[in-house]
Ligand code: DNO
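Numbering (my numbering), first residue to last: 320 to 673.
Quick look at the structure:
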């Protein structure tokens, strides 16, 4: 496994590449080009500039998170083929620059959803949290406003201001799209890009829905073992793979994460590893990575990754805000650095006790 940290790029992140470089065992970053709209083709010069900056600090780009898929592709709009052509052109350029893993999601309207970005835990740290009752009690537009107000001045991925202005329009766009239609649109997209992925060696890694149930009645198709098996079976190319996000899967405790990992041997191309603490169905908060701080057994999870021979990039996912750090919620340096060391410790112990 290649340990990495997510980095949003110069001007979009409170954490610097120099800081990341000093975390033992972290050899690369997962990044993106923030100023590109889903559906547009990425400019080669921008990719090269990003790559040059990262490599100058002694790190590598292990993958892109995300190359976002447009709503037009997700709903099967008349413009989808044009957007898919642009997506393919972007994949080719990334591969030419040696970037061969792309994370994306197929969630409608919202990317991940949380009701709070700074819930205070008993130790005084703050974390992202979800409470279904709170979400049900507010209009989707208010969630956008909430996230905008509480994000410490950073633009949260998936909650870009240009989307905030058109919540009603976006909901309207998805009116006729149910789970099956969304799945067929995902399949159409994947079948269109797979020949390029195979030719250029680009591994696609779909992110798990977060949380893994329908929010505001919108369709959801990447929620559990059954959905994942259908996805990898119906588009069997090994380049059609998964971002195994333990935190997202854990939003529903009946998702047996080690079992899901084992069932996806060869098809996990990227791992997001974090822990969550459950209080009741539909209510959870993010915790420190350590097993005893949350509800997941991180040892069993890392063991499952090891067993299937997963050797792709892994990143400690969201961290708590600790030690007075002010950053994009979930993406400070301190707790993610702690998380990376804990996960590397588990990996070393698992390998040495085999
Ligand atoms: C949240 C992230 C997601 C993820 C996208 C992938 O922190 O895990 O925003 O990057 O869903 O497209």
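Every residue gets a Cβ at the ideal spot worked out from N, C-alpha and C, and that includes glycine. Note that the structure is predicted; figures quoted are calculated from it, not measured.
Quiz item: Does the distance from the C-beta atom of residue 562 to that of residue 525 stay below 8 Å?
Solution: Translated into the one-based positions of the chain shown, residue 562 becomes position 243. Translated into the one-based positions of the chain shown, residue 525 becomes position 206. Result yes, Cβ atoms of residue 562 and residue 525 sit closer than 8 Å.
Quiz item: Bridge partners of residue 563, per DSSP?
Solution: By 1-based counting over the chain shown, the position of residue 563 is 244. In the DSSP output, where bridge partners are listed per residue, residue 563 has 590.
Practice problem: Mind checking who residue 384 pairs with in its DSSP beta bridge? | Solution: Reading the chain shown from its first residue, position 65 is the one you call residue 384. Bridge partners of residue 384: 422.
Practice problem: State buried or exposed for residue 478, treating a residue as buried only when at least 16 other CB atoms are found within 10 Å of its CB. | Solution: Numbered from its first residue, the chain shown carries residue 478 at position 159. Label assigned to residue 478: buried.
Exercise. For residue 761, collect the residues of the same chain with a Cβ closer than 7 Å to its Cβ; drop the 5 residues on either side in sequence, then sort them by chain order.
Key: Because the chain spans 320 through 673 in this model, residue 761 falls outside it and cannot be assessed.
Quiz item: Can you name, in chain order, every residue of its own chain whose Cβ lies under 7 Å from the Cβ of residue 486, other than the five neighbours on each side?
Solution: Here residue 486 refers to the residue found at position 167 when the chain shown is read from its first residue. Cβ neighbours of residue 486 beyond the five flanking positions: 459, 460, 463.
Quiz item: Is the Cβ-Cβ distance between residue 409 and residue 364 less than 8 Å?
Solution: By 1-based counting over the chain shown, the position of residue 409 is 90. By 1-based counting over the chain shown, the position of residue 364 is 45. No.
Quiz prompt | Nearest to residue 439 (by Cα), restricted to the options 398, 605, 379 | solution = Against the chain shown, residue 439 aligns to sequence position 120. Of the candidates 398, 605, 379, the one whose C-alpha sits nearest the C-alpha of residue 439 is 605.
Quiz item: From the DSSP output, which residues share a beta bridge with residue 521?
Solution: Counting from 1 along the chain shown, the entry for residue 521 is found at position 202. Residue 521 is not bridged to any residue.
Quiz item: Roughly how many angstroms lie between the CA atoms of residue 442 and residue 600, to the nearest whole one?
Solution: Residue mapping note: residue 442 aligns to position 123 of the chain shown, counting from 1. Residue mapping note: residue 600 aligns to position 281 of the chain shown, counting from 1. So the two alpha carbons sit approximately 23 Å from each other.
Exercise. May I ask you to list the residues that DSSP assigns as paired with residue 438?
Key: The residue labelled residue 438 in the question sits at position 119 within the chain shown. Its beta-bridge partners are 446.
Quiz prompt | Through-space distance from residue 341 to residue 512, alpha-carbon basis | solution = Along the chain shown, read from residue 1 onward, the residue named residue 512 stands at position 193. Along the chain shown, read from residue 1 onward, the residue named residue 341 stands at position 22. Computed Cα separation, rounded: 37 Å.
Quiz item: So, helix, strand or coil for residue 664, using DSSP?
Solution: Your numbering for residue 664 matches position 345 in the chain shown. Three-state result, residue 664: helix.
Practice problem: Identify which residue in 418, 406, 454 has its Cα closest to the Cα of residue 429. | Solution: Translated into positions along the chain shown, residue 429 becomes position 110. The residue with the shortest Cα to Cα distance from residue 429 is 454.
Quiz item: In the DSSP assignment, what are the bridge partners of residue 399?
Solution: Position 80 of the chain shown, counted from the start, is the residue given in the question as residue 399. Its beta-bridge partners do not exist; DSSP assigns none.
Practice problem: Give me the Cβ distance between residue 590 and residue 631, rounded to the nearest whole Å; I'm assuming they're in contact under 8 Å. | Solution: Stepping through the chain shown from its first residue, residue 590 is reached at position 271. Stepping through the chain shown from its first residue, residue 631 is reached at position 312. So it is a contact: roughly 7 Å between Cβ atoms.
Quiz item: Taking residue 547 as the reference, which of 537, 505, 496 has the closest Cα?
Solution: Along the chain shown, read from residue 1 onward, the residue named residue 547 stands at position 228. Of the listed residues, the one whose Cα sits closest to residue 547 is 505.
Quiz item: Any idea what DSSP makes of residue 433, helix, strand or coil?
Solution: Counting from 1 along the chain shown, the entry for residue 433 is found at position 114. Three-state DSSP puts residue 433 in coil, outside helix and strand.
Practice problem: Enumerate in chain order the residues of its own chain whose CB-to-CB distance from residue 660 is below 8 Å, with the five nearest sequence positions on each side excluded. | Solution: Here residue 660 refers to the residue found at position 341 when the chain shown is read from its first residue. Hits under 8 Å: 342, 343, 344.
Self-check item: Assumed close pair residue 427, residue 509 - CB separation to whole angstroms, cut-off 8 Å
Solution: Mapped onto the chain shown, residue 427 falls at position 108. Mapped onto the chain shown, residue 509 falls at position 190. The beta carbons of residue 427 and residue 509 sit about 17 Å from each other, so the pair does not count as a contact at 8 Å.
Quiz item: First and last residue of the alpha helix (DSSP H) that includes residue 549?
Solution: For the purposes of this step, residue 549 is taken as the residue at position 230 of the chain shown. Looking at the DSSP string, the run of the alpha helix (DSSP H) that includes residue 549 is 544 to 553.
Quiz item: Exposed or buried, which one is residue 383 when buried takes at least 16 other CB atoms within 10 Å?
Solution: Within the chain shown, residue 383 is the residue found at index 64, counting from 1. The residue is buried, with at least 16 neighbouring Cβ atoms inside 10 Å.
Self-check item: Residue closest to residue 582, alpha-carbon to alpha-carbon, out of 349, 560, 594, 376
Solution: Looking up residue 582 in the chain shown gives position 263. It is 560.
Practice problem: Enumerate in chain order the residues of its own chain whose CB-to-CB distance from residue 334 is below 6 Å, with the five nearest sequence positions on each side excluded. | Solution: Sequence index remark: in the chain shown, residue 334 carries index 15 (1-based). Closer than 6 Å at the Cβ level, and outside the excluded window around residue 334, lie 652.
Quiz item: Would DSSP call residue 557 helix, strand or coil?
Solution: Reading the chain shown from its first residue, position 238 is the one you call residue 557. Here residue 557 sits in coil by DSSP.
Quiz item: Since residue 634 sits in a beta bridge, which residues does DSSP pair it with?
Solution: Here residue 634 is taken as the residue at index 315 of the chain shown, counted from 1. For residue 634, which the question treats as bridged, DSSP gives the partners 591.
Exercise. Assign residue 592 to buried or exposed, taking buried as 16 or more other Cβ atoms, counted over all protein chains shown, within 10 Å of its Cβ.
Key: In the chain shown, counting from the first residue as 1, residue 592 sits at position 273. By the neighbour-count rule (16 or more Cβ atoms within 10 Å), residue 592 is buried.
Practice problem: Helix, strand or coil for residue 409, going by three-state DSSP, please let me know. | Solution: Within the chain shown, residue 409 is the residue found at index 90, counting from 1. Three-state DSSP puts residue 409 in a helix.
Practice problem: Kindly indicate the opening and closing residues of the alpha helix (DSSP H) around residue 348. | Solution: Counted from its first residue, the chain shown places residue 348 at position 29. Careful: residue 348 lies outside any alpha helix (DSSP H), inside the beta strand (DSSP E) at 347 to 350.
Exercise. Under the assumption that residue 337 contacts residue 376 (Cβ atoms under 8 Å), give the Cβ distance between them as a whole number of angstroms.
Key: Position 18 of the chain shown, counted from the start, is the residue given in the question as residue 337. Position 57 of the chain shown, counted from the start, is the residue given in the question as residue 376. For residue 337 against residue 376, the beta-carbon gap comes to about 6 Å, under 8 Å, which counts as contact.
Quiz item: Given that a residue counts as buried once 16 or more other Cβ atoms are within 10 Å of its Cβ, and exposed if not, what is residue 413?
Solution: The residue labelled residue 413 in the question sits at position 94 within the chain shown. Answer is buried; the Cβ neighbour count reaches 16.
Quiz item: So, helix, strand or coil for residue 596, using DSSP?
Solution: By one-based count along the chain shown, residue 596 stands at place 277. Correct three-state label for residue 596: strand.
Quiz prompt | Close Cβ partners of residue 663 (< 7 Å) along its chain, the five nearest in sequence each way excluded | solution = If you number the chain shown from 1, residue 663 lands on position 344. 322, 344.
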